[in-house]
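J.: Would you mind keeping the following structure in view while I ask a few things?
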Amino acid sequence: MKLLSNNEIVNHKTEISNAIELAEEITICTAFLKYSGLKSLLELINQKKTKTIFFVGTNFYQTEPSALKQLFNDGHTIYLNREKSPTFHPKIFLFRTQNEVKVFIGSANLTSGGLETNIETSIESNTTIDSILYNDILEQLSYFRTKSKRIERLETILDYEKRYKVYKEKHQIADKAFEKEEQKIAEAERKREEERLLKIEQEKEKRKNPASDSDTSRDRFAISDDYKKSWPLFFEEFKQFKIENNGNTIIPTSHKLHNWYKRQREFYGHIDENGIRAILPEHLELLNKENFFWGNPNEIIWMEKWENKLARLDTYCKSINQEFAWIKVDKKNKQNPLNDLAQWCMDQRLRLAQLENEKNYKTKKRKITEYEIKRLKEIKFLTESENEGGVVNQDGFIQHLIDLENLKNKCLKAGIRRWIPSQTDPDPIVAELGGWLADNLTFIRNHTKKGTKPELVKSRSKDLKDLGIDTIIGKEKNNFEFDVLDWLEMKKLYPIENPKGEARKPFVNVLNWESGQRNKYGSAQPWKQKRLVELKIVKLQSM
């Protein structure tokens, strides 16, 4: 018996996949079933002589109809629990090989998150068919049968699909409304925290200066002649600090200027009944010219760390005489001490992209501020991978183009049509090439939309098109058409009926793809729906 969790090396998917390969009988119980998780195991499951038994829950409408259709079309046994109460919530993966039994029981559902990315834990146990544990599990499965309905007809899934679509539609509306309310709550929490921290600071000041306890709030923010006379000296020290720290205007608590720095923020934050800030207008103007950070006091610690990263990046790039600020992740050496800076660079680029097009970037990363944008510009941060300080790196583009052509030839020689590299490829060299291609497709798309750099866009579009990559339809459509070519090759050999029995084995991936396209037709993009109808993979009159 051992504990299983999801991590970089071993996860539920790897262990369950290994168990499937050795098993003669498979039973899977899951509260939520999603196609994303099913497809990662489906090829192995479909290779078994005996069909798999599935017990699937439908509470909260998390189970996807497309996954149920896939299992039904592949001939597996499905027991669907439709009861609203009590909630059907087990996660059991049971495998029998002759007298030996392996079982995983825990928190992981049959979804991509459950199998790979979520924080999940399960107990893996090895036992035998005459054990108490195995017999207890069989009794539990018998109980599940009494609470579930076996799917004998496709109509059962279609009925569930109708409810599923209504539920999702209603919840999307509710989710949007909730997001707005959540933002209001978060803003109220932020303001409350600011007020709490300000009170703490005020109490500290009172304890330091007991004689001023009787002073009014107005007296606290009164500006004396001595303060006005000393202010320019402190301001000059502040500017010197900024020069010595690569433009950083956030002064740490250990620095002798911190009390003066904190006082500026207090004057800025105090607004009287007439809406006037306590800080003198001439002081505010000078501080703004130096890009003084007026942000949320809760973010000071975060910003200090951010400034440290910025300074490290700037120092390193200058040390290697690089005209722009950017570091790539060293995928070949995960221990490279610069990888944290490289990841930070990617995070800043994502935050900049999020600001430019908030609708298309769903991320939990903190929204970038004007202060940060200004600081990034000061060190010539590389906002686009092919634009180095405003100068196009054509040599780098050509070298990547050659690498891309070599990869294409290598894949086609091995009989692999779907050769376009992915950023998530396990091979770090291919993954880097995939990242470069994704950056260039984004580069072309953005500048086409803006009408900027037309000659460069035209040139690069042509170079990629010569390799068979259509920059207009994008990588998803390119890969779809590669899959279509494999399907057409199969249809040449089997024009009327798909291959069966032993003849099916060479075409398992193609058949799974075909089945998946049919199941997902209703939610597919219009261009894909049109193409599936043209190919007669989907026949509208039969739907």
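Mapping of the sequence shown onto full-length UniProt numbering: position 523 corresponds to residue 523, and the numbering continues sequentially without gaps. Note that beta-carbon positions come from the ideal geometry of N, C-alpha and C, so glycine has one too. Computed from a predicted structure; not experimentally measured.
Considering only their Cβ atoms, is the gap separating Leu341 from Ile327 smaller than 8 Å?
T.: Against the sequence shown, residue 327 aligns to sequence position 327. Against the sequence shown, residue 341 aligns to sequence position 341. Contact: yes.
J.: Would you mind reading off the limits of the alpha helix (DSSP H) that contains Gly57?
T.: Within the sequence shown, numbered from 1, the residue matching residue 57 stands at position 57. Per DSSP, Gly57 belongs to no alpha helix (DSSP H); it is in the beta strand (DSSP E), 53-57.
J.: May I ask you to list the residues that DSSP assigns as paired with Gly468?
T.: Counted from its first residue, the sequence shown places residue 468 at position 468. DSSP, once it has assigned bridges, lists no residue as partnering Gly468.
J.: Could you check the C-alpha separation between Thr14 and Thr97 for me, to the nearest Å?
T.: Taking the sequence shown and counting its residues from 1, one reaches residue 14 at position 14. Taking the sequence shown and counting its residues from 1, one reaches residue 97 at position 97. The alpha-carbon atoms of Thr14 and Thr97 are separated by roughly 18 Å.
J.: How is Asp340 classed by DSSP in three states: helix, strand or coil?
T.: Here the question's residue 340 lines up with position 340 in the sequence shown. Of the three classes helix, strand and coil, the one that applies to Asp340 here is helix, per DSSP.
J.: Once DSSP output is grouped into helix, strand and coil, what is the label at Tyr521?
T.: On the sequence shown, position 521 is the one that residue 521 refers to. Correct three-state label for Tyr521: helix.
J.: Based on Cα-Cα distance, which residue from Met490, Ser17, Phe60 lies nearest to Lys168?
T.: Along the sequence shown, read from residue 1 onward, the residue named residue 168 stands at position 168. Measuring from the Cα of Lys168, the nearest candidate turns out to be Phe60.
J.: Just checking my contact of Leu44 with Glu21 at CB under 8 Å: how many whole Å lie between their CB atoms?
T.: By one-based count along the sequence shown, residue 44 stands at place 44. By one-based count along the sequence shown, residue 21 stands at place 21. Between Glu21 and Leu44 the Cβ distance is about 6 Å, and since that is below 8 Å, they are a contact.
J.: Answer with buried or exposed for Ala503, where buried requires no fewer than 16 other C-beta atoms within 10 angstroms of its C-beta.
T.: Within the sequence shown, numbered from 1, the residue matching residue 503 stands at position 503. So Ala503 counts as exposed.
J.: Need the endpoints of the beta strand (DSSP E) that Ile123 sits in, please.
T.: Stepping through the sequence shown from its first residue, residue 123 is reached at position 123. Here the beta strand (DSSP E) through Ile123 covers 121-128.
J.: So the candidates are Tyr268, Asn296, Ile157, Gly275; which of them puts its Cα closest to the Cα of Glu285?
T.: The residue given as residue 285 occupies position 285 in the sequence shown. Considering only alpha carbons, the answer is Tyr268.
J.: Taking the alpha-carbon positions, what's the Lys184 to Phe32 distance?
T.: To locate residue 184, count along the sequence shown from 1; it is residue 184. To locate residue 32, count along the sequence shown from 1; it is residue 32. Roughly 32 Å separates the two Cα atoms.
J.: Look at the alpha carbon of Leu38 and the alpha carbon of Glu83, and state the distance between them as a whole number of angstroms.
T.: Here residue 38 corresponds to residue number 38 of the sequence shown, with the count starting at 1. Here residue 83 corresponds to residue number 83 of the sequence shown, with the count starting at 1. Each residue's alpha carbon lies about 23 Å from the other.
J.: If you count every other CB in all the chains shown that lies within 10 Å of the CB of residue 587, and 16 or more means buried, which is it?
T.: Limits of the chain in this structure are 1 at one end and 543 at the other, which puts residue 587 out of reach.
J.: Along the alpha helix (DSSP H) that carries Lys374, what are the first and last residues, could you check?
T.: Translated into the one-based positions of the sequence shown, residue 374 becomes position 374. From DSSP, the alpha helix (DSSP H) with Lys374 extends over 370-378.
J.: Report the three-state DSSP secondary structure of Leu18 (helix, strand or coil).
T.: Translated into the one-based positions of the sequence shown, residue 18 becomes position 18. The sequence shown places Asn at residue 18, not Leu. DSSP places Asn18 in helix when its eight states are reduced to three.
J.: Going by Cα to Cα distance, which pick from Leu350, Pro232, Lys34 is closest to Asp439?
T.: By 1-based counting over the sequence shown, the position of residue 439 is 439. Of Leu350, Pro232, Lys34, the residue nearest in Cα terms is Leu350.
J.: Under a three-way DSSP split, which group does Arg96 fall into?
T.: By 1-based counting over the sequence shown, the position of residue 96 is 96. Here Arg96 sits in strand by DSSP.
J.: Rounding to the nearest angstrom, what Cα-Cα distance links Ile26 and Tyr164 in this structure?
T.: Locating residue 26 in the sequence shown gives position 26, where the first residue counts as 1. Locating residue 164 in the sequence shown gives position 164, where the first residue counts as 1. Between Ile26 and Tyr164, the C-alpha separation is close to 27 Å.
J.: Quick check on Arg366: does DSSP put it in helix, strand or coil?
T.: Along the sequence shown, read from residue 1 onward, the residue named residue 366 stands at position 366. Three-state DSSP puts Arg366 in coil, outside helix and strand.
J.: Who are Gly106's beta bridge partners in DSSP?
T.: Locating residue 106 in the sequence shown gives position 106, counting from the first residue. According to DSSP, which records beta bridges pairwise, Gly106 is partnered with Ser122.
J.: Do Asn99 and Phe88 count as a contact pair if the criterion is CB distance below 8 Å?
T.: Here residue 88 refers to the residue found at position 88 when the sequence shown is read from its first residue. Here residue 99 refers to the residue found at position 99 when the sequence shown is read from its first residue. Taking 8 Å as the Cβ cut-off, Phe88 and Asn99 do not qualify as a contacting pair.
J.: By how many angstroms is the C-alpha of Lys520 removed from the C-alpha of Tyr35?
T.: Here the question's residue 35 lines up with position 35 in the sequence shown. Here the question's residue 520 lines up with position 520 in the sequence shown. About 10 Å.
J.: Closest to Phe55 by C-alpha separation, out of Pro454, Asn109, Asn118, Glu124, would be which residue?
T.: As a working note, residue 55 is residue 55 in the sequence shown. For the residues Pro454, Asn109, Asn118, Glu124, the minimum Cα distance to Phe55 belongs to Asn109.
J.: What does DSSP give as the partner residue(s) for Leu33 in the beta ladder?
T.: By one-based count along the sequence shown, residue 33 stands at place 33. Partner(s): Leu110.
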